[in-house]
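Novice:
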Amino acid sequence: MSEKLIEFKNVTMFYNDPEEAEAGENIAPALTDVSFSVEKGEFVAVLGHNGSGKSTLAKLCNAIYEPSSGTVSVKGIIADDDEKADEVRRIVGMVFQNPDNQIVATIVEDDVAFGPENLGVEPKEIRRRVDEALKAVNMYDHRHREPHKLSGGQKQRVAIAGVLAMQTECIVLDEPTAMLDPMGREEVMQTVHRMNKEMGITVVLITHFMDEAVKADRVVIMSGGRIVMQGKPREVFSKVEELRSYGLDVPQSTELCRNLGFGDGVLNVDECVELIAEKLGGAR
Amino acid sequence: MNYAIETIGLTHWYSKGTPQQVAAISDVNLQIKKGELVGIIGHTGSGKSTLISHFNGLLKPDSGKVLVNGVDIHKDKETLRNTRFKVGLCFQYPEYQLFEETVYKDIAFGPKNMKLSEEEIKQRVIRAASFVGVKNEHLNQSPFDLSGGEKRRVAIAGVMSMEPEILIFDEPAAGLDPKGRKDLIELIKEYRKQTGSTVIIVSHSMEDIASLVDRVIVINNSTVAMQGSVDEVFSRGEELRSMGLNVPEITEIFAKLRAKGIDVPTNVYTVEQGTEILRRLAAGRCAE
Amino acid sequence: MIRDITIGQYYPGKSLLHKIDPRMKLILTFAVIVVIFLCKNFFSLGVIAVTAVIASALSGVPAKMLLKSLKPIAVILLFTAILNVFYTQGGDVWLEWKFIKITEKGVFTAIFTMVRIISLVLISSLLTYTTTPTMLTDALERVLSPLKIFKIKVHTLAMMMTLALRFIPTLIEEIDRIMNAQKARGADLETGGIVQRAKALVPIFVPLMVSSFRRAYELAFAMTCRCYTGGEGRTRMKQMKLSGLDFFALFVCVAITAGIIVLNHFFEAVI
Numbered sequence: 066m067s068e069k070l071i072e073f074k075n076v077t078m079f080y081n082d083p084e085e086a087e088a089g090e091n092i093a094p095a096l097t098d099v100s101f102s103v104e105k106g107e108f109v110a111v112l113g114h115n116g117s118g119k120s121t122l123a124k125l126c127n128a129i130y131e132p133s134s135g136t137v138s139v140k141g142i143i144a145d146d147d148e149k150a151d152e153v154r155r156i157v158g159m160v161f162q163n164p165d166n167q168i169v170a171t172i173v174e175d176d177v178a179f180g181p182e183n184l185g186v187e188p189k190e191i192r193r194r195v196d197e198a199l200k201a202v203n204m205y206d207h208r209h210r211e212p213h214k215l216s217g218g219q220k221q222r223v224a225i226a227g228v229l230a231m232q233t234e235c236i237v238l239d240e241p242t243a244m245l246d247p248m249g250r251e252e253v254m255q256t257v258h259r260m261n262k263e264m265g266i267t268v269v270l271i272t273h274f275m276d277e278a279v280k281a282d283r284v285v286i287m288s289g290g291r292i293v294m295q296g297k298p299r300e301v302f303s304k305v306e307e308l309r310s311y312g313l314d315v316p317q318s319t320e321l322c323r324n325l326g327f328g329d330g331v332l333n334v335d336e337c338v339e340l341i342a343e344k345l346g347g348a349r
Numbered sequence: 207m208n209y210a211i212e213t214i215g216l217t218h219w220y221s222k223g224t225p226q227q228v229a230a231i232s233d234v235n236l237q238i239k240k241g242e243l244v245g246i247i248g249h250t251g252s253g254k255s256t257l258i259s260h261f262n263g264l265l266k267p268d269s270g271k272v273l274v275n276g277v278d279i280h281k282d283k284e285t286l287r288n289t290r291f292k293v294g295l296c297f298q299y300p301e302y303q304l305f306e307e308t309v310y311k312d313i314a315f316g317p318k319n320m321k322l323s324e325e326e327i328k329q330r331v332i333r334a335a336s337f338v339g340v341k342n343e344h345l346n347q348s349p350f351d352l353s354g355g356e357k358r359r360v361a362i363a364g365v366m367s368m369e370p371e372i373l374i375f376d377e378p379a380a381g382l383d384p385k386g387r388k389d390l391i392e393l394i395k396e397y398r399k400q401t402g403s404t405v406i407i408v409s410h411s412m413e414d415i416a417s418l419v420d421r422v423i424v425i426n427n428s429t430v431a432m433q434g435s436v437d438e439v440f441s442r443g444e445e446l447r448s449m450g451l452n453v454p455e456i457t458e459i460f461a462k463l464r465a466k467g468i469d470v471p472t473n474v475y476t477v478e479q480g481t482e483i484l485r486r487l488a489a490g491r492c493a494e
Numbered sequence: 005m006i007r008d009i010t011i012g013q014y015y016p017g018k019s020l021l022h023k024i025d026p027r028m029k030l031i032l033t034f035a036v037i038v039v040i041f042l043c044k045n046f047f048s049l050g051v052i053a054v055t056a057v058i059a060s061a062l063s064g065v066p067a068k069m070l071l072k073s074l075k076p077i078a079v080i081l082l083f084t085a086i087l088n089v090f091y092t093q094g095g096d097v098w099l100e101w102k103f104i105k106i107t108e109k110g111v112f113t114a115i116f117t118m119v120r121i122i123s124l125v126l127i128s129s130l131l132t133y134t135t136t137p138t139m140l141t142d143a144l145e146r147v148l149s150p151l152k153i154f155k156i157k158v159h160t161l162a163m164m165m166t167l168a169l170r171f172i173p174t175l176i177e178e179i180d181r182i183m184n185a186q187k188a189r190g191a192d193l194e195t196g197g198i199v200q201r202a203k204a205l206v207p208i209f210v211p212l213m214v215s216s217f218r219r220a221y222e223l224a225f226a227m228t229c230r231c232y233t234g235g236e237g238r239t240r241m242k243q244m245k246l247s248g249l250d251f252f253a254l255f256v257c258v259a260i261t262a263g264i265i266v267l268n269h270f271f272e273a274v275i
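Residue numbers (my numbering), protein chains in the order written: chain V, 66 to 349; chain D, 207 to 494; chain X, 5 to 275.
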């Protein structure tokens with residue numbers, strides 16, 4: 066199992082270019098001494114408040130940024146020149162927050178083809194990959210539509226298909242649902258989980274929605290440019306006070322069971338109902 | 207008594223006069239009382255954005271009327287213009303409307319358009335800024351140098367500074383992290399408490415709506431599908447789900463407990479309420 | 005709804021004209037436009053006019069839509085007709101009143117010019133009616149690709165056009181959103197003199213620029229992530245292949261050109 070796909074070793078990141086820096090960030094580092102790794106096939110959720118450095122972490126994963134110090138390696142490749150950066154991007158794909166700003170073409174299927182076209186894949190093979198990717202995200206019926214006429218959730222699924230068609234081993238999603246309505250969020254999350262379970266694609270999900278993190282294999286909590294907690298969702302979500310001190314919150318199910326003293330680390334409605342029924346039933 | 211906002215047979219068409227003509231909202235009849243805190247829910251495309259754009263006259267109804275304080279807002283040009291200041295509308299991602307060189311000037315944009323005196327403008331800017339928690343030293347900074355959350359607050363202050371009688375928020379917490387979200391909801395509560403104004407809030411978060419508002423209006427298929435107290439609306443979970451909506455998580459938990467034969471009420475909308483009920487139940491069972 | 009805007013005037017269909025390879029269509033349209041200017045008399049121009057009408061009928065685009073594309077040039081048409089009628093003199097005098105003198109040649113020239121302009125507009129609109137902007141951009145890139153040897157970055161130009169097409173609807177939506185937000189703060193965009201109105205645009209323009217830069221920045225990131233490094237080593241999913249139909253279209257156009265040259269030679273020139 067434990068094949069490391071992405072590995073951060075003592076990574077510190079400063080934004081030197083003031084244009085790239087959000088207010089104040091050019092003074093303090095965006096990341097400080099971050100070491101962490103993602104194993105092949107894993108589903109890792111990275112949680113943190115706005116400005117915690119989680120987005121920087123994402124952009125380091127596929128060589129958009131180079132660390133100020135420390136190393137980021139993907140399958141052992143350290144992207145210190147353009148060629149290696151390209152190699153890294155063939156392994157790690159990325160989906161961004163704003164669905165509008167990552168779709169390049171005026172027709173859905175052309176956009177999905179954009180990545181493989183850049184890689185110089187044979188036309189027939191591109192066609193096959195594009196169709197397969199669109200089917201995988203349930204957007205095949207929309208393949209001839211114009212992206213600006215799609216809903217937010219649909220646009221994000223097109224963006225995911227664009228990465229699938231490149232056949233990367235890992236996909237990093239930087240707050241993919243932040244701008245979506247609940248239905249769109251659901252669509253995207255289902256797609257991401259299916260990719261991980263059925264296609265074995267490694268997933269790094271950056272988010273601040275706690276309910277999206279509960280189904281991950283591992284949760285990483287970031288605050289002030291550092292990794293402050295990590296572990297299985299149940300372990301992490303049992304530390305409610307600590308999470309709150311990092312500007313995060315737990316799902317209502319977790320909070321309820323904790324308030325009642327029935328147990329920490331309850332992750333969803335069904336677990337919560339089971340637990341309460343058992344406790345109350347036991348008291349009868 | 208006049209209502210703060212009343213709509214009578216309000217209808218608006220998209221692509222009017224073309225074969226693709228569809229109703230964005232049709233025959234909406236609503237009354238919103240003065241001082242009320244109302245939540246509007248509905249899935250994307252249900253027509254709720256079109257609806258609120260009628261409240262301050264940004265859109266003109268194709269048929270029907272919008273009355274603010276009992277007066278038809280499209281009566282004449284003057285009334286329409288004054289409606290913009292009476293009914294403040296804070297759009298989704300309001301930080302994208304910032305444009306001035308300084309935070310002060312940006313917050314002053316609305317009051318300036320109202321043609322108020324310099325002194326009055328200044329007072330209003332300072333009031334609004336301090337209310338949303340923008341520090342005084344930030345007033346002379348460029349709004350573009352602020353962080354995302356601060357920008358949002360400045361933009362909201364820019365609407366509050368007009369001191370409207372009715373304030374409408376469209377998805378005010380969209381894109382914020384949990385703490386930012388919570389703080390903003392608190393801010394809206396506090397605003398309502400201090401000013402006593404009528405507040406309308408559009409949100410996708412059932413939890414926020416349930417903990418915040420007096421009354422819920424559900425928009426579905428371009429018209430009002432349900433309205434009533436939090437209790438009345440969220441007790442109809444199945445119907446809400448069929449409209450692509452939901453109930454708060456805590457409400458779902460209680461509905462499921464009830465289904466398992468545990469004797470709990472189902473009208474629970476906040477975690478505090480839920481905790482209290484279950485504690486009492488547990489204590490009661492231990493005593494038996 | 006503003007989201008429904010469509011760029012260009014593509015009319016979906018399955019006609020012969022729709023099926024011609026966009027590259028061929030592009031080249032032939034340009035060729036025919038050149039040929040229109042070669043016409044020297046009513047016989048050769050007649051051939052073009054008939055071709056334009058037949059092509060219109062073949063395209064399956066409703067006549068109403070085709071006439072709509074002529075609407076913007078109505079004024080120009082009228083203007084050139086009047087100019088020609090009054091200023092071109094020669095042949096029989098048909099009407100003379102005070103300083104106005106209308107001659108046979110004037111009327112013929114006016115009619116000739118009008119038919120020429122109408123054919124020109126009709127034929128070029130047929131191109132845009134039967135080809136999507138995306139296909140046109142694609143065709144343009146491929147047709148112009150030989151220019152690479154002159155170090156002209158054809159691919160980059162085509163990419164820019166594609167991105168423009170992709171983002172125009174997004175930006176229109178954005179402008180609408182910003183305008184509404186500022187109007188809600190009492191911005192008055194409708195009244196006042198020129199200076200005042202220009203000033204009133206600042207609250208729209210600044211946020212638009214800010215967001216456009218943000219979009220461009222994010223888009224550049226997204227394209228980099230998808231291994232975009234320019235045209236070098238890129239393949240295309242959609243291959244364009246010339247079919248029998250394309251060669252047939254080419255043949256027809258060559259025949260028309262030959263016919264026009266012959267007709268020009270045998271009949272007297274009008275202009």
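Idealized CB from N, CA, C, for every residue including glycine.
Just confirm the distance between the C-beta atoms of X/Thr17 and X/Thr134, as a whole number of angstroms; I'd bet it's less than 8 Å.
Specialist: For the purposes of this step, residue 17 of chain X is taken as residue 13 along the third sequence, with counting starting at 1. For the purposes of this step, residue 134 of chain X is taken as residue 130 along the third sequence, with counting starting at 1. According to the sequence displayed, residue 17 of chain X carries Gly and not Thr. Yes, they are in contact, since the Cβ atoms of X/Gly17 and X/Thr134 sit about 7 Å apart, within 8 Å.
Novice: Check each candidate in V/Cys235, V/Asp335 and V/Leu199 and name the one with the smallest Cα separation from V/Gln221.
Specialist: The sequence position of residue 221 of chain V within the first sequence is 156, counting from 1. Of the listed residues, the one whose Cα sits closest to V/Gln221 is V/Leu199.
Novice: In the DSSP assignment, the beta strand (DSSP E) including V/Arg283 goes from what residue to what residue?
Specialist: Locating residue 283 of chain V in the first sequence gives position 218, counting from the first residue. Residues Arg283 to Ser288.
Novice: Determine whether the Cβ of V/Arg192 lies closer than 7 Å to any Cβ atom of chain X.
Specialist: For the purposes of this step, residue 192 of chain V is taken as the residue at position 127 of the first sequence. By this cut-off, V/Arg192 is an interface position.
Novice: On the DSSP bridge assignment, give the partners of V/Lys74 in chain order.
Specialist: Counted from its first residue, the first sequence places residue 74 of chain V at position 9. According to DSSP, which records beta bridges pairwise, V/Lys74 is partnered with V/Thr136.
Novice: Taking 6 Å as the limit between beta carbons, can you name the residues of its chain near D/Leu236, skipping five residues before and five after?
Specialist: By 1-based counting over the second sequence, the position of residue 236 of chain D is 30. The answer, listed in chain order, is Thr213.
Novice: Less than 7 Å between CB atoms is the rule here; does X/Thr160 satisfy it with respect to chain V?
Specialist: Position 156 of the third sequence holds residue 160 of chain X. Not closer than 7 Å to any Cβ of chain V, the Cβ of X/Thr160 fails to qualify, so no.
Novice: Comparing alpha-carbon positions, which option in D/Glu444, D/Ser428, D/Glu284 and D/Met432 lies nearest D/Val228?
Specialist: Here residue 228 of chain D is taken as the residue at index 22 of the second sequence, counted from 1. Ranking the options by Cα distance to D/Val228, first place goes to D/Ser428.
Novice: Taking only beta-carbon positions, decide if D/Glu343 is within less than 7 Å of chain V.
Specialist: Here residue 343 of chain D is taken as the residue at index 137 of the second sequence, counted from 1. So, not an interface residue.
Novice: Just the chain D side, please: which residues come within less than 8 Å of V/Ile341 by C-beta, in chain order?
Specialist: The residue you call residue 341 of chain V lines up with position 276 of the first sequence. Residues of chain D passing the Cβ test: Ile459, Leu463, Ile468 and Leu484.
Novice: Which residue's Cα is closest to the Cα of V/Thr121: V/Gln295, V/Thr319, V/Val237 and V/Asp176?
Specialist: Locating residue 121 of chain V in the first sequence gives position 56, counting from the first residue. For the residues V/Gln295, V/Thr319, V/Val237 and V/Asp176, the minimum Cα distance to V/Thr121 belongs to V/Val237.
Novice: Take the Cβ of D/Glu458 as the centre, count every other Cβ of all protein chains shown within 10 Å, and call the residue buried at 16 or more, exposed below.
Specialist: For the purposes of this step, residue 458 of chain D is taken as the residue at position 252 of the second sequence. Buried, since its Cβ has 16 or more Cβ neighbours within 10 Å.
Novice: With DSSP run on the structure shown, which of helix, strand or coil describes X/Gly94?
Specialist: Stepping through the third sequence from its first residue, residue 94 of chain X is reached at position 90. X/Gly94: coil per DSSP, three-state reduction.
Novice: Rounding to the nearest angstrom, what Cα-Cα distance links V/Gly116 and V/Ala144 in this structure?
Specialist: Counting from 1 along the first sequence, the entry for residue 116 of chain V is found at position 51. Counting from 1 along the first sequence, the entry for residue 144 of chain V is found at position 79. When rounded, the distance between both Cα atoms is 25 Å.
Novice: Any chance you could list the alpha helix (DSSP H) runs of at least 4 consecutive residues sitting entirely within the segment 122-198 of chain V, in chain order?
Specialist: Inside the segment 122-198 of chain V, DSSP marks whole alpha helix (DSSP H) runs of 4 or more residues at positions 147-156 and 173-184, from first to last along the chain.
Novice: Taking only beta-carbon atoms, is X/Phe360 less than 7 Å away from chain V?
Specialist: Outside the shown range of chain X, which is 5 to 275, sits residue 360 of chain X, and nothing can be said about it.
Novice: Evaluate contact between the segment 299-317 of chain D and the segment 354-374 of chain D, counting only Cβ atoms and requiring at least three cross-stretch pairs below 8 Å.
Specialist: yes
Novice: Would you report the Cα separation of V/Gln317 and X/Cys231, rounded to the nearest angstrom?
Specialist: What you label residue 317 of chain V is simply residue 252 of the first sequence in a count that begins at 1. What you label residue 231 of chain X is simply residue 227 of the third sequence in a count that begins at 1. Each residue's Cα considered, the two are about 41 Å apart.
Novice: Using a Cβ-Cβ cut-off of less than 8 Å, give me the residues of the segment 348-381 of chain D that come near chain X, in sequence order.
Specialist: Phe350, Gly364, Val365 and Met368
Novice: When burial is assigned at 16 or more other CB atoms within 10 Å of the CB, is D/Asn346 buried or exposed?
Specialist: Taking the second sequence and counting its residues from 1, the one referred to as residue 346 of chain D is at position 140. That one is exposed.
Novice: When the cut-off is 7 Å and only beta carbons count, does V/His258 lie next to chain X?
Specialist: What you label residue 258 of chain V is simply residue 193 of the first sequence in a count that begins at 1. So no, V/His258 is outside the interface.
Novice: Go through the segment 201-234 of chain X residue by residue and report every complete run of the alpha helix (DSSP H) that reaches 4 residues or more, in order.
Specialist: 206-229
Novice: Which whole-angstrom value describes the C-beta separation of V/Arg309 and V/Gln295, a residue pair presumed to lie in contact below a C-beta threshold of 8 Å?
Specialist: Start at 1 with the first residue of the first sequence, and residue 309 of chain V comes out as number 244. Start at 1 with the first residue of the first sequence, and residue 295 of chain V comes out as number 230. Not really, about 17 Å apart at Cβ, beyond 8 Å.
Novice: Could you have a look at V/Lys200 and say whether DSSP puts it in helix, strand or coil?
Specialist: Working through the first sequence from its first residue, we reach residue 200 of chain V at position 135. Helix, per DSSP.
Novice: Counting only Cβ-Cβ distances shorter than 8 Å, please list the residues of the segment 238-250 of chain V near chain D, keeping chain order.
Specialist: Those residues of the segment 238-250 of chain V that come within reach of chain D (Cβ to Cβ, closer than 8 Å) are Ala243, Met244, Asp246, Pro247, Met248 and Gly249.
Novice: Given a threshold of 16 other Cβ atoms within 10 Å of its Cβ, counted over all protein chains shown, does D/Ile258 qualify as buried or as exposed?
Specialist: Start at 1 with the first residue of the second sequence, and residue 258 of chain D comes out as number 52. D/Ile258 is buried by the Cβ-count criterion.
Novice: Pull the bridge partners of D/His515 from the DSSP assignment, please.
Specialist: Coverage of chain D is limited to positions 207 through 494, which leaves residue 515 of chain D absent and any answer about it impossible.
Novice: Within 7 Å (strictly less), CB to CB, does V/Leu329 reach chain D?
Specialist: Taking the first residue of the first sequence as position 1, residue 329 of chain V is located at position 264. First, the amino acid is wrong: residue 329 of chain V is Asp here, not Leu. So, not an interface residue.
Novice: For X/Lys23, which residues of its own chain have a beta-carbon under 7 Å away from its beta-carbon, when the five flanking residues on both sides are left out?
Specialist: Looking up residue 23 of chain X in the third sequence gives position 19. So the qualifying residues of the chain are Leu249.
Novice: Label D/Tyr475 either buried or exposed according to how many other C-beta atoms from any shown protein chain fall within 10 Å of its C-beta, with 16 as the threshold for buried.
Specialist: Taking the first residue of the second sequence as position 1, residue 475 of chain D is located at position 269. D/Tyr475 comes out buried.
Novice: Assign X/His269 to buried or exposed, taking buried as 16 or more other Cβ atoms, counted over all protein chains shown, within 10 Å of its Cβ.
Specialist: Along the third sequence, read from residue 1 onward, the residue named residue 269 of chain X stands at position 265. X/His269 comes out exposed.
Novice: Taking only beta-carbon atoms, is V/Asp176 less than 7 Å away from chain D?
Specialist: Numbered from its first residue, the first sequence carries residue 176 of chain V at position 111. Under the Cβ criterion of 7 Å, V/Asp176 is not counted among the residues facing chain D.
Novice: Give the DSSP-derived three-state secondary structure of X/Ala273 in the structure shown.
Specialist: Position 269 of the third sequence, counted from the first residue, corresponds to residue 273 of chain X. If DSSP states are grouped into helix, strand and coil, X/Ala273 belongs with coil.
Novice: Who are the neighbours of X/Pro211 on chain D, taking C-beta pairs under 7 Å?
Specialist: Here residue 211 of chain X is taken as the residue at index 207 of the third sequence, counted from 1. Correct list: Tyr302, Gln303, Leu304 and Phe305.
Novice: Contact check, X/Arg240 vs V/Glu190 under 8 Å by CB: the rounded distance?
Specialist: Within the third sequence, the letter at position 236 stands for residue 240 of chain X. Within the first sequence, the letter at position 125 stands for residue 190 of chain V. 12 Å between Cβ atoms; not a contact.
Novice: Measuring CA to CA, which of D/Leu264, D/Leu273 and D/Thr217 is closest to D/Lys240?
Specialist: In the second sequence, the residue the question calls residue 240 of chain D occupies position 34. Of the candidates D/Leu264, D/Leu273 and D/Thr217, the one whose C-alpha sits nearest the C-alpha of D/Lys240 is D/Leu273.
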